[in-house]
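Below: one structure, written as C-alpha cells.
Numbering (our numbering), first residue to last: 6 to 468.
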C-alpha cells in the first residue's frame, strides 16, 4: 500500500450576489468559519471576466484590510480558511487556487482529503501533466480544466471530475459566469446552501450564513453538484456518483463545527449535550463539580451535569487570543499553546472533586497538562472523561489524526493512560453511544478513527 499524507481540515465559502460587495461578504463568512482553520486564508472574486485573488498565511482579520477588500470587487467570490499539517504553513499552500486555461479562468476552494490522489497524479503525469504542488486541490483543478475541454459546461466538468475522486471533498468553484458547490458522495465534510435576497451562498457551516443575515436553505446532498448562473437560478446535478453509504465525519459534531451550526439536520450543540449525557450514564463519578475544557468540551460537560445531577461550573478560563491546540502544526506548538490558552478558576476547583470533560484525547499531552493545572489549583480529585471514544486509527479524509505510533490508546492500556495523564480516573465514550449522539442527522457516520472501519476501502490507496 502506498504511503499517504494527512492534509487539512478547512472551511470553504462562496457567494453570488448581483448587487456586488462579495469580497466583504466572504470576509464575514470566513470570520465565522475561522475555527476551521487558523493558519492561512484567501478570497478570490470575479468581476465580469476579471479574476482577482488575495491570500496569505494568517488569520482573516490579519490577512485582509479594508483597502484589500475594496480591490476585490465583483458579483461572485469564493473564500477559504486553512490549517496545515507539519511543514505546510506556507503562503503558496493557501487557497483558493486559481487557474487560467484555454476556456478562461476559475477558482477552487477545497475542504477534505483524497485517498486516490497519487494514482490520479501518476496517471496524468504519464500523459504530460506538470503539477507544481503536492496538494489535492491542484489535482482537482487540473481535472476540472481537462473535463471542461470535453464537455459543454463548467458544472458538468465538475460533475465529471467528482466521479474520478475517492475521499473527502467539499468544493466551491467559481468561473466567470457560474458559482458551483459539490460534495463527495460519502458526505464526509459538511456543505450548506443559504439565501439572502437575490444572493446565493455556499458554506462549510450554517453559522457562516447567520453572520451574513442569510437564511439556511438546505445542505448540499452527498454526491450532489449545485450551481448558480448569472440569472440567479439555483440548479442541481444529482446523478454524478450513484448511491453510496454516507460517512459524515462524526468529529464534526464532537470538535470541529461550531455549536450554533446545523449539519445534515442535526444541531451541533444538541449532539454535544447528548454526548455528555451518555458519558454520565457510562462513567458515573462521585464528585463536587463538573467542568468542561473550552470550547468544544463545554456542551458535553453541561450534558454530563444534567444527567448526573453534579453541579456544572466554569473551571477553565480561556484566553480568546490563542488558537485551537489540536490544529497546531507541531507538538511543541501544541504544548506551549495549552499553557497560554487555559487558566484554572481556583474558586471553582480548590478542595473539590472535579470531573473534567474534554472532547477527545489524542496524544495525551494536553490532558496531562490540564490535570496538572487542576491539581495545582487545589483540586482534591481529578476525573478525566472524553466525550469521544479512544482514537485507535488515523484519519485519511482530512482530519489531522496522527499515525498509530502517536495515538495514546494504541500504545497503552487504559490504566497506563490514566497514570500518564495523572488523573484519579479516566473514561471514554463508547462507540455504541457515539452512534446515538446525532439522532436528527440524515447521514450515517464515518467513525474509522475509533473503529478502523472506514466507508471507503483503502487497500492499495492508503496505509
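No residue lacks a Cβ here, since even glycine has one placed at the ideal position from N, Cα and C.
Residue 14 counts as buried, since no fewer than 16 other beta carbons sit within 10 angstroms of its beta carbon.
For the stretch 98-139, the continuous alpha helix (DSSP H) assignments of 4+ residues that do not extend past its boundaries occur at 122-130, in sequence order.
Counting only the Cα atoms, residue 18 lies some 11 Å from residue 212. In the DSSP annotation of this structure, the continuous segment of the alpha helix (DSSP H) that includes residue 437 starts and ends at 436-439.
For residue 364, there is no enclosing beta strand (DSSP E), since its DSSP letter is neither H nor E.
As the crow flies, the alpha-carbon of residue 76 is around 17 Å from that of residue 103.
The C-beta of residue 156 has fewer than 16 other C-beta atoms within 10 Å across all chains shown, which makes the residue exposed. For residue 314 and residue 350, the gap between their C-alpha atoms comes out near 21 Å.
With 16 or more neighbouring CB atoms inside 10 Å of its own CB, residue 304 falls in the buried class. Rounded to whole angstroms, residue 57 and residue 417 show a C-alpha spacing of 51 Å.
In terms of Cα proximity to residue 299, the closest of 282, 322, 317, 233 is 322. Contact annotation, residue 170 with residue 145: C-beta distance approximately 7 Å; criterion of less than 8 Å satisfied. Boundaries for residue 461: no beta strand (DSSP E) harbours it, and the DSSP string shows neither H nor E there. A distance below 8 Å between beta-carbons, with the five flanking residues on each side excluded, links residue 98 to the following residues of its chain, in chain order: 45, 87, 89, 138, 140. Ranking 226, 41, 40, 53 by CA distance to the CA of residue 22 puts 53 first. According to DSSP, residue 317 shares a beta bridge with 295. Contact annotation: residue 252 and residue 447 have beta-carbon atoms that are not nearer than 8 Å.
Rounded to whole angstroms, the gap between the alpha carbons of residue 167 and residue 243 is 12 Å. Residue 38 is a Cβ neighbour of residue 208, given a cutoff of 8 Å. For residue 58, DSSP records a beta bridge to 49. Exposure of residue 316 is indicated by the presence of fewer than 16 other C-beta atoms within 10 angstroms of its C-beta.
By DSSP's assignment, residue 191 forms no beta bridge with any residue.
Judged by beta-carbon spacing, residue 109 lies within the 8 Å limit of residue 181, meaning their Cβ atoms are closer than that value.
For residue 232, the enclosing beta strand (DSSP E) has its first and last residue at 230-234.
Its Cα nearest to that of residue 239, the residue 183 stands out among 258, 183, 255. One thing to note: residue 116 has its Cβ within 8 Å of the Cβ of residue 175.
Residue 457 counts as exposed, since fewer than 16 other beta carbons sit within 10 angstroms of its beta carbon. Across the set 255, 274, 257, the C-alpha of 274 shows the shortest separation from the C-alpha of residue 264. Assigned with DSSP and collapsed to three states, residue 323 falls in strand.
Taken in chain order, the whole alpha helix (DSSP H) runs of length 4 or more contained in the stretch 144-207 are 159-167. Residue 224 sits in a strand when the DSSP states are folded into three classes. Here residue 142 is near residue 113, since their CB atoms are less than 8 Å apart. Counting every other CB atom within 10 Å of its CB across the protein chains shown gives residue 325 a total below 16, marking it as exposed. For residue 255, no alpha helix (DSSP H) run applies, since DSSP gives it neither H nor E.
Looking at the DSSP output, residue 271 shares a beta bridge with 268. Residue state for residue 84 is assigned as strand, using DSSP reduced to three classes.
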